[in-house]
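Enquirer:
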C-alpha cells in the first residue's frame, strides 16, 4: 500500500537531443560521424543511436536518455556530469553542452530550483562560450573538445592516406625505409620456421602441438579464439 512505500536515494534523468540551444533549440539534421555511449555505476542508458545514423527533421530529436541514481543529490549529480562528459556524439549539434551548463550552475547544484530557472538564466544556452571546471583540461570547454578530436582525425587520416598533395606534399621525397629499432632492445630469439604454429599442428596433430606448447619456454601470444575455446570446454 502507499504508506509502505519509502523514498531511497535520488535520480536525475537527462535527454540528449539533436537540438541547437543557441538557436532556441532548433532541431539539427545530418549524419552522426561519432557515437559512443557512456556507462558506469548507477547509470541507465536508453537509446538506439550509432555512427552513420542519418538524423532527419521528421521524427523526435531525442537520441539517448541517461538516468543516474545515487544515495543523495550530490552523488547523483556527479555521476550525471561524468556520463555527459564521456558521451561522444559528433556530426550533429546536441544539447549536451546546455545540460552541462545547467548541471554545473551553482544554483542548480543546491538542488533548489523552479521551472523558471532556465528563463531566469538565458546564458545557459550560450554553449559556444561555456567553461566547465572539469579535471581533464581537454574537456573544459567546447573549443578544446573540438580541437583535440580534430587533431586525432587529422593524424588518423595522415596515417592511412599520407600527406595530402593539395598542401604541397611530394611523395617522391618521402622515405619509405625505416630502421628496426627493436633489434637494439629485444633479445634475439629463435623464431618458428615458415608456417608458424599452424604447421606444427598439421604435422604433429593436437597432442604433438600441445606437447610443443608445454615445452616452449618463450613468451607466446594468441588471439582470444584459443582462450575462449578452452573456457567453453572447461565450462561444459
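Numbering (the numbering used here), first residue to last: 292 to 527.
Ideal placement from N, C-alpha and C gives every residue a C-beta, glycine not left out.
Fair warning: this is a prediction, and the values are worked out from it, not measured in the lab.
Could you give the DSSP three-state label for residue 358: helix, strand or coil?
Expert: For the purposes of this step, residue 358 is identified with residue 67 of the chain shown, where counting begins at 1. Of the three classes helix, strand and coil, the one that applies to residue 358 here is strand, per DSSP.
Enquirer: Is the beta carbon of residue 364 closer than 7 Å to that of residue 301?
Expert: Indexing the chain shown from 1 puts residue 301 at position 10. Indexing the chain shown from 1 puts residue 364 at position 73. A contact, by the Cβ cut-off of 7 Å.
Enquirer: Assess, as a yes-or-no matter, whether the region 399–414 is touched by the region 427–439 under the definition of 3 or more beta carbon pairs within less than 8 Å.
Expert: No contact exists between the region 427–439 and the region 399–414.
Enquirer: Report yes if the C-beta distance between residue 325 and residue 379 is below 7 Å; otherwise report no.
Expert: Translated into the one-based positions of the chain shown, residue 325 becomes position 34. Translated into the one-based positions of the chain shown, residue 379 becomes position 88. Cβ distance < 7 Å, so residue 325 and residue 379 count as in contact.
Enquirer: Can you tell me the Cα-Cα spacing of residue 329 and residue 338, whole angstroms?
Expert: As a working mapping, residue 329 is identified with position 38 in the chain shown. As a working mapping, residue 338 is identified with position 47 in the chain shown. In a straight line, the C-alpha of residue 329 is about 11 Å away from that of residue 338.
Enquirer: Can you give me the start and stop residues for the alpha helix (DSSP H) that residue 302 sits inside?
Expert: The residue labelled residue 302 in the question sits at position 11 within the chain shown. Element bounds for residue 302: not the alpha helix (DSSP H) but the beta strand (DSSP E), 301–308.
Enquirer: Consult DSSP for residue 441 and reduce its assignment to one of helix, strand or coil.
Expert: Indexing the chain shown from 1 puts residue 441 at position 150. Residue 441 falls in the helix class under three-state DSSP.
Enquirer: Is the beta carbon of residue 310 closer than 7 Å to that of residue 352?
Expert: What you label residue 352 is simply residue 61 of the chain shown in a count that begins at 1. What you label residue 310 is simply residue 19 of the chain shown in a count that begins at 1. A contact, by the Cβ cut-off of 7 Å.
Enquirer: From which residue to which residue does the beta strand (DSSP E) around residue 349 run?
Expert: By one-based count along the chain shown, residue 349 stands at place 58. Per DSSP, residue 349 belongs to no beta strand (DSSP E) and is neither H nor E.
Enquirer: Relative to the C-alpha of residue 563, which residue among 392, 321, 461 and 496 is closest?
Expert: This structure does not reach residue 563, given that the chain is present from 292 up to 527, and the question cannot be answered.
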